[in-house]
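Residue numbers (UniProt numbering), protein chains in the order written: chain A, 1 to 189; chain B, 1 to 131.
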């Protein structure tokens, strides 16, 4: 099974994967060739370029109540990497979107991506010591325009207890959603 | 001279991205498509019969999935090769009969309530301190 940890650059994805994984987090690399857009484009040039994108990988193996290998994929949240997410999100049971309140706008792409694909997700607000202002879950929910049923929780990605709570909250929510598909506003395609 | 000064002298001629791009596809004899359909989360496992005479990367891949199935993502990370290159290497090993592609891993339904419930129980046991 598979859970995606998504979030903007520096939001704490690697840290969260490392806090719960039974192996040291690994870095999986992939070459991506794409027509560049936005910031990459050179005016008047139809540029195609190969970039490398890195994903964090971790896993947890369960033997009881049944054998399950849970794979954790930490994925870059930048808009221009969205096309890499299709393989990542394929077959994902859910996603933890790590929101960095210093750059909340980085979370928008992830929220709309998983909403569009009806993949259950929770938003974990990573608490950074140097954040100028601590946002409440309610403030983050409003800013990201999340429906009431989407779980939003505060999270310290460095702390195993806090990181695993985010996973448990997600799986619990995914389980509820699978029994009551209308909570996800439509069935999974 | 320090290492970083040495690196500066070596400079862009060897350190640029293009130079790095060469080797992975040399490993695949220039092929860019795996013969077997695999995803990041697809699992492969080594067959019991030992294969000899494999290339070092192939040897490492087979050794890694000797005891239990491993995902494409993990094998790629351990081999330090891009995912696509890893898929091509694994495809060859499947054709050679050194590895078997696990079909169950790709057939898993991600929103199967029974699986999610088992996962939830497993997580709560693993992390009993959590709320």
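Positions of the beta carbon are idealized from the N, C-alpha and C atoms, including for glycine.
Can you name the residues of chain B whose CB is closer than 8 Å to the CB of residue 65 of chain A? 118, 121 and 122
Measure the alpha-carbon distance for residue 124 of chain B versus residue 26 of chain B and round it to whole angstroms. 46 Å
Step through the CB atoms of chain B and report whether any lies within less than 9 Å of the CB of residue 31 of chain A. yes
Does the CB of residue 136 of chain A have a neighbour CB from chain B at under 9 Å? no
Contact set for residue 129 of chain B: own chain, Cβ-Cβ below 8 Å, skip 5 residues either direction: none
From A:13, A:66 and A:65, pick the residue whose C-alpha is nearest to that of residue 58 of chain A; which is it? A:13
Listing by chain order, which chain A residues have their CB less than 9 Å from the CB of residue 64 of chain B? Correct list: empty, because the minimum Cβ distance to chain A is about 11 Å.
Taking C-alpha atoms, which residue in B:104, B:61, B:111 and B:44 lies nearest to residue 89 of chain A? B:111
Check each residue of the region 159-180 of chain A: if its Cβ is closer than 8 Å to any Cβ of chain B, include it; give the result in chain order. 160, 161, 164, 165, 167, 168, 171, 172, 174, 175, 177, 178 and 179
Limits of the unbroken beta strand (DSSP E) element including residue 75 of chain A: 68-76
Give the DSSP-derived three-state secondary structure of residue 63 of chain A in the structure shown. coil
Just by C-beta distance, which residues in the region 82-96 of chain B are closer than 7 Å to chain A? 82, 83 and 84
Counting only the same chain and skipping the five closest in sequence on each side, list residues whose C-beta sits under 7 Å from that of residue 93 of chain B. 58, 61, 62 and 99
Could you check if residue 120 of chain A is buried or exposed, using at least 16 other CB atoms within 10 Å of its CB as the buried criterion? buried
If distances are taken between C-alpha atoms only, which option among A:20, A:86, A:68 and A:135 comes closest to residue 114 of chain A? A:86
Write down every uninterrupted run of the alpha helix (DSSP H) in the region 74-121 of chain B whose length is 4 residues or greater and which is fully enclosed by it, in chain order. 83-95 and 103-107
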